[in-house]
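*Asks:* Residue 255 in my numbering is what sits at position 246 of the sequence shown, and the numbering runs on without skipping anything.
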Amino acid sequence: GLAVPTAIMVGTGLGAQKGILIKDAESLEIAHKVNTIIFDKTGTLTNGKPEVTDILSFGKMKEKDVLKIGASIEKGSEHSLAESIVKKADEEKLDLKSVVKFKAIVGQGVEGEIDKKKVYFGNRRLMDQHKISLSLYLEKIEKLENEGKTVMMLVLDKELVGIIAVADTIKDSSRDGIKALEKKGIEVVMITGDNKRTAKAIALQLGIKRVLAEVLPDQKEAEVKKIQLEGKIVAMVGDGINDAPALVAADIGIAMGTGTDVAIEAAGITLINKDLNS
Ligand code: ADP
Ligand code: MG
10 GLAVPTAIMV
20 GTGLGAQKGI
30 LIKDAESLEI
40 AHKVNTIIFD
50 KTGTLTNGKP
60 EVTDILSFGK
70 MKEKDVLKIG
80 ASIEKGSEHS
90 LAESIVKKAD
100 EEKLDLKSVV
110 KFKAIVGQGV
120 EGEIDKKKVY
130 FGNRRLMDQH
140 KISLSLYLEK
150 IEKLENEGKT
160 VMMLVLDKEL
170 VGIIAVADTI
180 KDSSRDGIKA
190 LEKKGIEVVM
200 ITGDNKRTAK
210 AIALQLGIKR
220 VLAEVLPDQK
230 EAEVKKIQLE
240 GKIVAMVGDG
250 INDAPALVAA
260 DIGIAMGTGT
270 DVAIEAAGIT
280 LINKDLNS
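1. I want to know whether the region 239-246 touches the region 263-279 - three or more CB-CB distances under 8 Å.
2. Let me know the alpha helix (DSSP H) ranges lying completely inside the region 107-189, each 4 residues or longer, listed in chain order.
3. Is Leu256 near the ligand ADP, in the sense that its beta carbon is under 8 Å from a heavy atom of that ligand?
4. Between which two residues does the beta strand (DSSP E) harbouring Glu239 extend?
5. On the three-pair Cβ rule with 8 Å, is the region 209-225 touching the region 13-21?
6. Determine which residues share a DSSP beta bridge with Phe48 and list them.
7. Which residues does DSSP list as the beta-bridge partners of Ile31?
8. How far does the beta strand (DSSP E) with Val61 in it extend, from its first residue to its last?
9. Should Thr201 go down as buried or exposed, given a rule of 16 or more other Cβ atoms within 10 Å for buried?
10. With a cut-off of 8 Å, do at least 3 Cβ pairs link the region 275-283 to the region 79-97?
11. Should the region 161-171 be called in touch with the region 184-204, which here means at least 3 C-beta pairs below 8 Å?
12. Is the region 229-243 touching the region 42-55 in the sense that three or more CB pairs, one from each, lie closer than 8 Å?
13. Using 9 Å as the threshold, is the C-beta distance between Ala259 and Val233 below it?
14. Would you mind working out which of Ser142, Leu225, Lys58 sits nearest Lys158, comparing C-alpha positions?
15. Between which two residues does the alpha helix (DSSP H) harbouring Ala208 extend?
16. If you measure between the beta carbons of Glu154 and Asn204, is that distance less than 9 Å?
17. Which residue from Ile47, Pro14, Met70 puts its Cα closest to that of Asp33?
18. Does the region 141-152 touch the region 90-105, meaning 3 or more C-beta pairs lie closer than 8 Å?
19. Are there any heavy atoms of the ligand MG lying less than 8 Å away from the beta-carbon of Lys69, as far as the coordinates show?
20. For Asn282 versus Gly186, is the C-beta spacing smaller than 9 Å?
21. Leaving out five residues before and five after Ser86 in sequence, what residues of the same chain have Cβ atoms less than 6 Å from its Cβ?
22. Straight-line CA distance for Lys27 to Lys102?
23. Compare the C-alpha of Asp359 against each of Gln237, Gly249, Lys209 and name the closest.
24. Ignore the nearest five residues each way along the sequence and tell me which others in Leu167's own chain have a CB closer than 8 Å to its CB.
25. Within 10 angstroms of its Cβ, does Lys229 collect 16 or more other Cβ (buried), or is it exposed?
Listed below in structure tokens is the structure:
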């Protein structure tokens with residue numbers, strides 16, 4: 010009768026020493042059966058601190074104005090993409106414009122009004138929604154995406170006036186961590202709300218073959234369940250609020266200690282350090 014509690018105590022104790030906090034003993038029991046691990050991209054495999062790398066302007070717009078309007082509209086968003094753009098505008102000492110009717114659109118971008126003009130800023134899905142044609146600039150957009158960058162399009166009164174691309178750095182530990190898992194015969198999957206090309210480019214750098222991209226926040230959970238239906242025992246690793254339902258749905262939910270409280274709350278295991286090798 011003492012064997013199980015003793016084993017759990019020793020196990021969780023050793024885990025804690027290595028920066029692995031095991032909240033429920035069930036996770037500890039299932040861990041060795043896991044044969045598929047799904048990693049969220051942003052903030053889990055990457056550092057989650059994107060930086061602006063490219064600014065393009067079209068027509069009469071200047072690059073500086075693209076950044077200025079982009080940062081103004083993003084000021085109201087808490088997304089890490091938004092932070093990177095506002096930070097860049099701060100560095101360039103740009104005065105931001107005031108925004109009315111601001112709205113964040115989950116998994117797509119933001120919208121609002123600046124100087125009485127309707128502004129949309131976000132990804133391809135947002136452009137599709139408003140029937141903004143990208144055909145003139147598609148080559149430029151795809152080139153940036155193939156470099157693993159996240160591309161955001163800026164629209165002023167239905168006209169595409171510019172593009173801002175940001176890049177996130179891959180954690181040093183991601184490659185080794187993934188290799189170690191594959192060596193054990195565990196399948197590694199990457200899941201992200203980011204677009205397919207960008208996701209593929211990052212996955213290629215990491216040696217991940219199975220990629221689920223353009224997954225809206227409320228669909229991550231369903232994707233986990235789909236893989237479970239293939240008969241797999243699934244661990245999900247994530248950091249964001251949008252990962253929480255997927256962390257609960259997975260056989261084991263693992264949160265990054267650097268992540269949001271909601272993710273940590275939803276997970277059975279938390280990695281205190283952000284090291285993928287843990
Ligand atoms: P994830 O955290 O998995 O990358 P999100 O659902 O938060 O996914 O975002 C998915 C995509 O939606 C982003 O890659 C971006 O293209 C777009 N997006 C979300 N929020 C914003 C924002 N504030 N500004 C611009 N684009 C955004
Ligand atoms: Mg994330």
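Backbone N, C-alpha and C fix where the C-beta goes; we use that ideal spot for every residue, glycine too.
These figures come from a predicted structure and were not determined experimentally.
*Replies:* Taking the geometry as given:
1. yes
2. 133-138, 147-155
3. no
4. From DSSP, Glu239 is part of no beta strand (DSSP E); its letter is neither H nor E.
5. no
6. Met199, Val246
7. Ile278
8. 60-66
9. buried
10. no
11. no
12. yes
13. yes
14. Lys58
15. 205-215
16. yes
17. Pro14
18. no
19. no
20. no
21. Ala113, Val119
22. 43 Å
23. The structure shown does not extend to residue 359, since the chain is modelled only from 10 through 287, so no value can be given for it.
24. Going by the sequence as given, residue 167 is Lys instead of Leu. The residues are Lys127, His139, Ile141.
25. buried
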